[in-house]
Every structure is written in C-alpha cells, then in structure tokens.
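Numbering-wise, the working numbering puts 53 at position 53 of the sequence shown, and it's gapless, one number per residue.
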Amino acid sequence: MQALDALLNRVSVPRLLEPAPTQEQRDLLFAAAMRAPDHGQLRPWRFLTVEGAAREQMGALLAEAARLQDADAPQAAIDKAQNGPLRAPLVVVVIARLQEHFKVPKSEQLLAAGCAAHGILLAAYAQGIGAVWRTGELSYSAHVAKGLGLTADEEVIGFLYLGTPQNPPRTAPKEEPAVSAWTGL
C-alpha cells in the first residue's frame, strides 16, 4: 500500500473480531510508532498490549474506576466500562511518558506520543487490520493508571482496539482542510 493511500483513506473500524494481529503484523505496528516526530529522541511513549483473559481483568479495572468516579453510576455504565476491552481481540494502551527536559516541553512530548499512536493506526490500515482509538473519562482515571502500573510521570492517552474488521471499512469522507495564509502583521 502506498503511504498516501493510508494517510488519505484510513478510517476508524469499531466492529472488530478475532483474530488479533499476528506477531509479524504487531512488529510492523510498533515499528511504525517509532517513526513519530520526536524532538530530542526522548521516545516519550510506551505501549501495553492487553489480550485474552487480561481484557476481562482490564474490564474489571475500568468498572471499579467507574464506580469510584460515581458511586451512583447506573449499572449500564458499569457494564459498558467492564465490557469495553472485549470489543476487540487486542487492546494497545498508549502511554505518554512525560519528562522534564530543558528543550522539549511536556506538551510537545504528549503530541509525539499521539503521533506514535497515529503511526500504529496507519500501519494497521495499511495491513488490513481494523483499528479504532478510544478514550473516555476512564482513560484519565488515577485508579486506572495505578492498576495498569503507570508511574507518576506517565498518563494514558488512548486505547487502540485492533482486530479483524467485522465489515469492510467505510469510505473516508472527503473533507476540506481548514487552511488559510498568514500574510504578516
């Protein structure tokens, strides 16, 4: 697949089935992530893979976080949190590792981690793997961060759900970018 095809046509694929990406495909996904712009070569990201029974454990962690966040949360919200990781055979937790640096602000490091996640999504599309990036308020829960083993300088920036598309991916909409020329003061 040509790079421009992936850049212009990638879409989120939310309905995913087994099988999960193979090890060879995963190697390419994570290799693509390493090409993210990275001022200072800090590699301000890391990834956790969650599959098999670990998805159920992650669901339990998310359900606990939902209950802690709102003691009166409806059971439907708790169930949704618990079942979330079961929507795909592989979940990749994208973690930003933010560090003090004299030249690279944390905001730039966070953007670099987002670019690494986007690289995974592009590489998934290029290989015919269905993928969708999800967050939600539980992504930013201290309880979830602790349960996933994050350190104080780390934060979850997204959950990438990956698997075999249940249906063919939709056609990417053609949209006009918001571009204007700045002509000076």
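For glycine and all other residues, C-beta sits at the position ideal for the given N, C-alpha and C.
Three-way DSSP call (helix, strand, coil) for residue i in this model
i: Glu154; result: strand
i: Leu42; result: coil
i: Glu18; result: coil
i: Ile95; result: strand
i: Pro173; result: coil
i: Leu185; result: coil
i: Glu51; result: strand
i: Pro74; result: coil
i: Phe159; result: strand
i: Pro165; result: strand
Where the alpha helix (DSSP H) containing residue i begins and where it ends
i: Ala142; result: 142–147
i: Ala6; result: 3–9
i: Gln25; result: 23–33
i: Gly114; result: 106–126
Nearest candidate by alpha-carbon position, reference residue i, set the options
i: His39; options: Pro168, Val156, Phe102, Ile95; result: Phe102
i: Leu4; options: Gly128, Gly114, Leu122, Arg46; result: Leu122
i: Thr164; options: Leu7, Gln25, Gln2; result: Gln25
i: Met58; options: Phe47, Gly84, Asp72, Ala71; result: Gly84
i: His95; options: Lys106, Ala117, Arg15, Ala76; result: Here residue 95 turns out to be Ile, not His, going by the sequence shown. Answer by Cα proximity: Ala117.
i: Gln23; options: Gln127, Pro44, Val11; result: Gln127
i: Pro19; options: Val104, Glu108, Leu90; result: Leu90
i: Glu108; options: Arg43, Val92, Ser12, Asp27; result: Arg43
i: Tyr140; options: Leu86, Pro177, Ala178, Gln69; result: Gln69
i: Ala142; options: Cys115, Phe47, Lys106, Arg67; result: Arg67
Straight-line gap, residue i to residue j (C-alpha atoms, nearest Å)
i: Trp182; j: Glu175; result: 22 Å
i: Asn9; j: Tyr125; result: 9 Å
i: Glu51; j: Leu29; result: 16 Å
i: Gly119; j: Asn167; result: 23 Å
i: His173; j: Ala54; result: Residue identity differs from the one stated: residue 173 is Pro in this sequence, not His. Cα-Cα distance, rounded: 35 Å.
i: Leu110; j: Pro37; result: 11 Å
i: Leu150; j: Pro74; result: 28 Å
i: Leu17; j: Gly184; result: 52 Å
i: Met34; j: Arg97; result: 14 Å
i: Thr171; j: Gly130; result: 13 Å
i: Glu100; j: Glu155; result: 15 Å
i: Leu61; j: Leu148; result: 9 Å
i: Glu137; j: Gln2; result: 36 Å
i: Ala31; j: Val11; result: 20 Å
i: Ala113; j: Trp45; result: 5 Å
i: Arg15; j: Leu86; result: 11 Å
Limits of the unbroken beta strand (DSSP E) element including residue i
i: Ala131; result: 130–134
Nearest-angstrom beta carbon gap, residue j and residue i [assumed within contact, 8 Å]
i: Ala88; j: Ile78; result: Contact flag wrong, Cβ pair sits at about 20 Å.
i: Leu162; j: Trp133; result: Contact doesn't hold; Cβ gap of about 10 Å is too wide.
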